[in-house]
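Residue numbers (UniProt numbering): 1 to 243. No residue lacks a Cβ here, since even glycine has one placed at the ideal position from N, Cα and C. Please read these numbers as outputs of a predicted model, since none were measured by experiment.
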């Protein structure tokens, strides 16, 4: 996927990191904007949309978690892919970020080359999610998912906001109803990368999606855990054109 004309907005209070990533990613063909604090980030995203945002957790005025929550509620940028930069030893930061709707995380210190690979994987996934036939809606259980707008509606009329990661995971299940999907398959399809040992990102993503789908019974009714094998969507999926 070409990075030309793809825009990235980065917030990090470390000037060296901002300058390093600005130079590195610009050379790779991205249009990069950087800001040192949350206020600047909010202003920049309101002024112009971005194809992807990178949020540092520790900022001088507000943390990256509150910014992540704000982006997911943004009227125009709610679905933009989000990568969070976290302290490499603090798993709690990663869990919180993913629960709030971040699409991926990267621990500090990190390699700019690895960050670029993560960026390209998320942008490929976002582009793939848009390559659907116009007006297609997938109905399952008590839910309807608009594949163009990524809007999810319950039968009672409630709309659920999906992050890019939520949509990618739900789309994978809807493309393979009744099939058992192992964690590696889910990780490759939704994150664009192989899972590391002890990587809990798939389990957390499934747990978050269950919350979105009100699938909180014990055991879950809609997305079942198949012990030792993976996860299974226990629903029939029907495609239609329009609501």
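Per DSSP, what kind of secondary structure is residue 104 in: helix, strand or coil?
On the chain shown, residue 104 is found 104 positions in, with the first residue counted as 1. In this structure, residue 104 counts as strand in the three-state DSSP scheme.
Quick one: grab the DSSP three-state call for residue 59.
Looking up residue 59 in the chain shown gives position 59. In the structure shown, residue 59 sits in coil (DSSP, three-state: anything other than H, G, I, E or B).
Between the alpha carbons of residue 228 and residue 42, how many angstroms are there, rounded?
Locating residue 228 in the chain shown gives position 228, where the first residue counts as 1. Locating residue 42 in the chain shown gives position 42, where the first residue counts as 1. C-alpha separation (whole angstroms): 43 Å.
Just the Cα atoms here: how many angstroms apart are residue 239 and residue 39?
For the purposes of this step, residue 239 is taken as the residue at position 239 of the chain shown. For the purposes of this step, residue 39 is taken as the residue at position 39 of the chain shown. Residue 239 and residue 39: Cα-Cα distance of roughly 42 Å.
Quick one: what's got a C-beta closer than 6 Å to residue 36's C-beta in the same chain, skipping five residues either side?
Position 36 of the chain shown, counted from the first residue, corresponds to residue 36. Excluding positions up to five away in sequence, the list reads 13.
Considering just the uninterrupted stretch of the beta strand (DSSP E) at residue 32, what are its terminal residues?
Translated into positions along the chain shown, residue 32 becomes position 32. Counted as a single uninterrupted DSSP element, the beta strand (DSSP E) harbouring residue 32 occupies residues 31-35.
Looking at residue 186 and residue 205, is the spacing between their C-beta atoms short of 9 Å?
By one-based count along the chain shown, residue 205 stands at place 205. By one-based count along the chain shown, residue 186 stands at place 186. By the CB criterion at 9 Å, residue 205 and residue 186 fall inside the cutoff.
Are residue 104 and residue 122 touching if we call contact CB-CB under 9 Å?
As a first step, residue 104 must be located in the chain shown, where it is residue number 104. As a first step, residue 122 must be located in the chain shown, where it is residue number 122. Yes; because the gap between Cβ atoms is below 9 Å, this pair is in contact.
Residue 148: buried (16+ other C-beta within 10 angstroms of its C-beta) or exposed?
Here residue 148 is taken as the residue at index 148 of the chain shown, counted from 1. Answer is exposed; the Cβ neighbour count stays below 16.
Whole-angstrom distance between residue 46 and residue 95, CA atom to CA atom:
Position 95 of the chain shown, counted from the start, is the residue given in the question as residue 95. Position 46 of the chain shown, counted from the start, is the residue given in the question as residue 46. Rounded to the nearest angstrom, the two C-alpha atoms are 27 Å apart.
Please state whether DSSP places residue 146 in a helix, a strand or coil.
Mapped onto the chain shown, residue 146 falls at position 146. It is a strand residue.
Can you give, in chain order, each stretch of the alpha helix (DSSP H) that sits fully within the UniProt DNA-binding region "OmpR/PhoB-type" (135-235) and has at least 4 residues?
164-175, 183-191, 201-212
Counting Cβ pairs, one atom from each stretch, are 3 or more of them under 8 Å apart for the stretch 16-32 and the stretch 57-65?
no
Please tell me whether residue 8 and residue 71 are closer than 9 Å, where the distance is taken between their beta carbons.
Mapped onto the chain shown, residue 8 falls at position 8. Mapped onto the chain shown, residue 71 falls at position 71. No, they are not a contact pair.
Take residue 244 as the anchor and find which of 172, 81, 114 has the nearest alpha-carbon.
Within the shown structure, residues of the chain are numbered from 1 to 243, placing residue 244 beyond reach of any answer.
Taking the CB atoms as reference points, tell me whether residue 55 and residue 83 lie closer together than 9 Å.
Mapped onto the chain shown, residue 55 falls at position 55. Mapped onto the chain shown, residue 83 falls at position 83. Contact flag set, yes.
Quick one: residues in its chain with C-beta nearer than 8 Å to the C-beta of residue 69, no 5 flanking neighbours on either side, listed in chain order?
For the purposes of this step, residue 69 is identified with residue 69 of the chain shown, where counting begins at 1. Cβ within range, chain order: 100, 101.
Please check if any C-beta of chain B sits within less than 9 Å of the C-beta of residue 96.
Note that chain B does not occur in the displayed structure, where there is just one protein chain.
Determine the direct distance from the alpha carbon of residue 163 to that of residue 152, and round the result to whole angstroms.
Numbered from 1 along the chain shown, position 152 holds the residue referred to as residue 152. Numbered from 1 along the chain shown, position 163 holds the residue referred to as residue 163. Answer to the nearest angstrom: the Cα atoms are 11 Å apart.
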